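**Student:**
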Amino acid sequence: MKEIKKIYAVHFLAGLSTAASVTFTLYFLSHGINQAQIGLLFAVFMISLAILDIPTGGLSDIFGHKHSVAAGLFFQSLSFLLFFFFPNYPGFFLGMLAAALGLALQSGATSSLIYELLHKEGLHESFQKVFGRASAYFLLAGIIAGPLGSFIYKYYPRIPYLLAFIVLLVASMVVLLVRWEFTKKQPAFSAYMNTIVTGIHMTIRNRILIATVIIGIALTTTRLVFNQNISQPYQIQIGIDVAYIGIVAALVAGAGAFVSMHAYKLSQRIGKGLSLILMLVVPSVTIILLSLINTLLAVPLILLFYMGHAFRDPVMAHISQDEVERDKRATMASTVSFLVSISAGLLLPYFGGRIDMFGINNTLVLLGIFSLVVGGIGLLLFGYKHSSIRRFKAS
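Under our numbering, the residue at position 136 of the sequence shown is numbered 1521, and the numbers go up by one with no gaps.
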């Protein structure tokens, strides 16, 4: 189908923007931004993304998913242009806001556009296959662009950001070429607000969902701090040349994709409880072990850390879905994502400040302890809930 091929092209082009993102932290640090400020920048991004996701969903319904995706890619491209022309704190701040708006406009709209294109041709049953293939194109482009981007960064640090702007701008134009029939809907901003309010009430009343949010906060915060603040300078610290950081990123992407593909089967085999323990303990212990290693032997542990997080997403989604009625699952998913994003965003500047004060290695230990303690509370809530159910059934 010709229009679906255009969607594949858009995903591949968007994936090429990885050429810039693999050196975000180093780029910020090289322009005088400290770790606390980096934490604040990504906090602004996370919180803005969570908040903007509500009204932009309404805009997508009003003006059409195709135009929402195109506008989102344009604003995302604008963020990289701001990073290129204004490599200072105000420029980075505005860039993060533009990136959050861009991704919020694309959130949900991309999958809806794909479904509508397939539905028009009577091929909507192929949605999962097509969406998965589109994601694969994005991942493939990232694996190609990551090593290339870090190599270019070594000699021309600003060029990857210009390239990211160009490929995303072209992707935005390609979306506009997609032939798609639009039926205008009435504004429904109140419906999106009601989704969050309803979801929060639903979460509060369900101990498993509370546990899901708490575990999500622990793991998401740890992953974000490591990914956005620590990973790149840590790799330089252990002796990896900046030109090869993209290769490590490509290995991480490949390993993560492999784990995501097999996570559900493994979780079914070992059970929910052990799956939760595994996805919490592996990243937490790994990040503590990284604080003890200052050689290239840390690379396998970096891969293991990200593989642990790749195991988390499909497993947590499945566990959460089991606890909610079918017609309320979308509400729950939006709410959990909203609460986790806001909470993790608020914690990022704190951990960035710890890096400035205590260094990378000490902060790795702090992150590991934080993840184990906070995530452990979530595990206790999960275990208490299920033990209560078993006692009730026994009586």
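Glycine included, each C-beta is placed from N, C-alpha and C at the ideal position. It should be emphasised that the depicted structure is a prediction, and the values quoted were computed from it without experimental measurement.
If you compare alpha carbons, which of Phe-1397, Gly-1480, His-1452 is closest to Gly-1493?
**Tutor:** For the purposes of this step, residue 1493 is taken as the residue at position 108 of the sequence shown. Comparing Cα positions, the closest option is His-1452.
**Student:** For Pro-1685, count neighbouring Cβ atoms within 10 angstroms of its own Cβ and tell me buried if that reaches 16, exposed if not.
**Tutor:** Taking the first residue of the sequence shown as 1, we reach residue 1685 at position 300. Counting Cβ neighbours within 10 Å, Pro-1685 comes out exposed, since fewer than 16 surround it.
**Student:** To the nearest whole angstrom, what separates the beta carbons of Leu-1724 and Val-1598, a pair I think is in contact under 8 Å?
**Tutor:** Along the sequence shown, read from residue 1 onward, the residue named residue 1724 stands at position 339. Along the sequence shown, read from residue 1 onward, the residue named residue 1598 stands at position 213. That pair is a contact at about 5 Å.
**Student:** Suppose contacts are defined by Cβ-Cβ distances below 8 Å. Is Ile-1528 in contact with Val-1515 by that definition?
**Tutor:** For this step, residue 1528 is matched to residue 143 along the sequence shown. For this step, residue 1515 is matched to residue 130 along the sequence shown. No. Outside cutoff.
**Student:** For Asp-1626, does the count of other Cβ atoms within 10 angstroms reach 16, so buried, or fall short, so exposed?
**Tutor:** The count along the sequence shown starts at 1 and reaches residue 1626 at position 241. With fewer than 16 Cβ atoms within 10 Å of its Cβ, Asp-1626 is classed as exposed.
**Student:** For Ala-1404 and Ala-1549, which I take to be in contact (beta-carbon distance under 8 Å), what is that distance rounded to the nearest angstrom?
**Tutor:** Position 19 of the sequence shown, counted from the first residue, corresponds to residue 1404. Position 164 of the sequence shown, counted from the first residue, corresponds to residue 1549. That belief holds up - the Cβ atoms of Ala-1404 and Ala-1549 are roughly 6 Å apart, short of 8 Å.
**Student:** Do three or more CB pairs link the stretch 1421-1441 to the stretch 1611-1624 at distances below 8 Å?
**Tutor:** Yes: the two stretches touch, three or more of their Cβ pairs being nearer than 8 Å.
**Student:** Hey, could you find the ends of the alpha helix (DSSP H) Tyr-1362 is sitting in?
**Tutor:** Residue 1362 is absent from the model: the chain starts at 1386 and stops at 1780.
**Student:** How far does the alpha helix (DSSP H) with Leu-1411 in it reach, from first residue to last?
**Tutor:** Position 26 of the sequence shown, counting from 1, holds the residue named residue 1411. Taken as a continuous stretch (DSSP letters only), the alpha helix (DSSP H) holding Leu-1411 covers 1409-1415.
**Student:** Give me the Cβ distance between Ile-1727 and Ala-1489, rounded to the nearest whole Å; I'm assuming they're in contact under 8 Å.
**Tutor:** As a position in the sequence shown, residue 1727 is number 342, starting the count at 1. As a position in the sequence shown, residue 1489 is number 104, starting the count at 1. Contact flag wrong, Cβ pair sits at about 14 Å.
**Student:** Are there 16 or more other CB atoms within 10 angstroms of the CB of Leu-1765, so buried, or fewer, so exposed?
**Tutor:** In the sequence shown, the residue the question calls residue 1765 occupies position 380. The residue in question, Leu-1765, is exposed, as its Cβ has fewer than 16 Cβ neighbours within 10 Å.
**Student:** Go through its chain and collect everything with a Cβ distance to Gly-1730's Cβ below 6 Å, but skip five positions before and after it.
**Tutor:** Along the sequence shown, one-based indexing puts residue 1730 at 345. Result list for Gly-1730: Ala-1428, Met-1431, Ile-1432, in chain order.
**Student:** Would you call Gly-1753 buried or exposed, if buried means 16 or more other Cβ atoms sit within 10 Å of its Cβ?
**Tutor:** To locate residue 1753, count along the sequence shown from 1; it is residue 368. With 16 or more other Cβ atoms within 10 Å, it is buried.
**Student:** Less than 8 Å between the beta carbons of Gly-1858 and Leu-1547, yes or no?
**Tutor:** There is no way to answer for residue 1858, as the model of the chain reaches only from 1386 to 1780.
**Student:** For Thr-1606 and Gly-1517, what's the separation of their Cα atoms in angstroms?
**Tutor:** For this step, residue 1606 is matched to residue 221 along the sequence shown. For this step, residue 1517 is matched to residue 132 along the sequence shown. So the alpha carbons of these two residues sit roughly 27 Å apart.
**Student:** Grab the span of the alpha helix (DSSP H) containing Ile-1673 for me, first residue to last.
**Tutor:** To locate residue 1673, count along the sequence shown from 1; it is residue 288. Run containing Ile-1673: 1657-1675, per the alpha helix (DSSP H) assignment.
**Student:** Thinking Leu-1458 and Ser-1557 are a contact (beta carbons under 8 Å), I'd like their distance in whole angstroms, please.
**Tutor:** Numbered from its first residue, the sequence shown carries residue 1458 at position 73. Numbered from its first residue, the sequence shown carries residue 1557 at position 172. Indeed they touch by this definition, with Cβ atoms about 4 Å apart.
**Student:** Is there contact here, the stretch 1645-1658 with the stretch 1743-1757, by at least three beta-carbon pairs under 8 Å?
**Tutor:** No, they do not touch.
**Student:** When burial is assigned at 16 or more other CB atoms within 10 Å of the CB, is Arg-1590 buried or exposed?
**Tutor:** One-based indexing of the sequence shown puts residue 1590 at position 205. Exposed, because fewer than 16 other Cβ atoms sit within 10 Å of the Cβ of Arg-1590.
**Student:** For Leu-1401, which three-state DSSP category applies?
**Tutor:** To locate residue 1401, count along the sequence shown from 1; it is residue 16. Leu-1401: coil per DSSP, three-state reduction.
**Student:** Is Leu-1398 closer than 8 Å to Val-1644 when the C-beta atoms are compared?
**Tutor:** Locating residue 1644 in the sequence shown gives position 259, counting from the first residue. Locating residue 1398 in the sequence shown gives position 13, counting from the first residue. The answer is no: Cβ separation not under 8 Å.
**Student:** Report the rounded CA-to-CA distance for Ser-1535 versus Met-1587, giving the unit in angstroms.
**Tutor:** Here residue 1535 corresponds to residue number 150 of the sequence shown, with the count starting at 1. Here residue 1587 corresponds to residue number 202 of the sequence shown, with the count starting at 1. Distance between the alpha carbons of Ser-1535 and Met-1587: 44 Å.
**Student:** Enumerate in chain order the residues of its own chain whose CB-to-CB distance from Ser-1671 is below 7 Å, with the five nearest sequence positions on each side excluded.
**Tutor:** Within the sequence shown, numbered from 1, the residue matching residue 1671 stands at position 286. According to the sequence as given, residue 1671 is Thr; it is not Ser. Excluding positions up to five away in sequence, the list reads Leu-1686, Leu-1689, Phe-1690, Gly-1693.
**Student:** To which residues of the same chain is Leu-1466 closer than 6 Å at the C-beta, ignoring the five residues directly before and after it?
**Tutor:** On the sequence shown, position 81 is the one that residue 1466 refers to. Counting only Cβ-Cβ distances below 6 Å, and skipping sequence neighbours, we find Phe-1550.
**Student:** Starting from Gly-1744, trace the alpha helix (DSSP H) in both directions and tell me its first and last residue.
**Tutor:** As a working mapping, residue 1744 is identified with position 359 in the sequence shown. Gly-1744 -> no alpha helix (DSSP H), and no H or E assigned at all.
**Student:** Could you tell me the distance, in whole angstroms, from the CA atom of Ala-1603 to the CA atom of Ile-1673?
**Tutor:** On the sequence shown, residue 1603 is found 218 positions in, with the first residue counted as 1. On the sequence shown, residue 1673 is found 288 positions in, with the first residue counted as 1. For Ala-1603 and Ile-1673, the distance between alpha carbons rounds to 15 Å.
**Student:** Compare the Cα-Cα distances from Thr-1720 to each of Ile-1632, Gly-1601, Val-1407 and report the closest residue.
**Tutor:** To locate residue 1720, count along the sequence shown from 1; it is residue 335. Nearest C-alpha to Thr-1720: Gly-1601.
**Student:** Tell me the DSSP secondary structure of Phe-1471 in three-state form.
**Tutor:** On the sequence shown, position 86 is the one that residue 1471 refers to. Note: Phe-1471 maps to coil in three-state DSSP.
**Student:** Looking only at C-alpha atoms, which of Gly-1476, Leu-1561, Ile-1630 sits nearest to Ile-1389?
**Tutor:** Position 4 of the sequence shown, counting from 1, holds the residue named residue 1389. The candidate whose alpha carbon is nearest that of Ile-1389 is Leu-1561.
**Student:** Does Val-1758 pass the burial test, meaning 16 or more other C-beta atoms within 10 Å, or should it be called exposed?
**Tutor:** Within the sequence shown, the letter at position 373 stands for residue 1758. Under this definition Val-1758 is an exposed residue.
**Student:** Determine, using beta carbons only, whether Arg-1697 and Met-1664 come nearer to each other than 8 Å.
**Tutor:** Here residue 1697 is taken as the residue at index 312 of the sequence shown, counted from 1. Here residue 1664 is taken as the residue at index 279 of the sequence shown, counted from 1. Contact: yes.
**Student:** What are the boundary residues of the alpha helix (DSSP H) that includes Leu-1498?
**Tutor:** What you label residue 1498 is simply residue 113 of the sequence shown in a count that begins at 1. Residues 1494-1505.
**Student:** Just to confirm, are Leu-1479 and Pro-1618 a CB contact at a threshold of 8 Å?
**Tutor:** For the purposes of this step, residue 1479 is taken as the residue at position 94 of the sequence shown. For the purposes of this step, residue 1618 is taken as the residue at position 233 of the sequence shown. Taking 8 Å as the Cβ cut-off, Leu-1479 and Pro-1618 do not qualify as a contacting pair.
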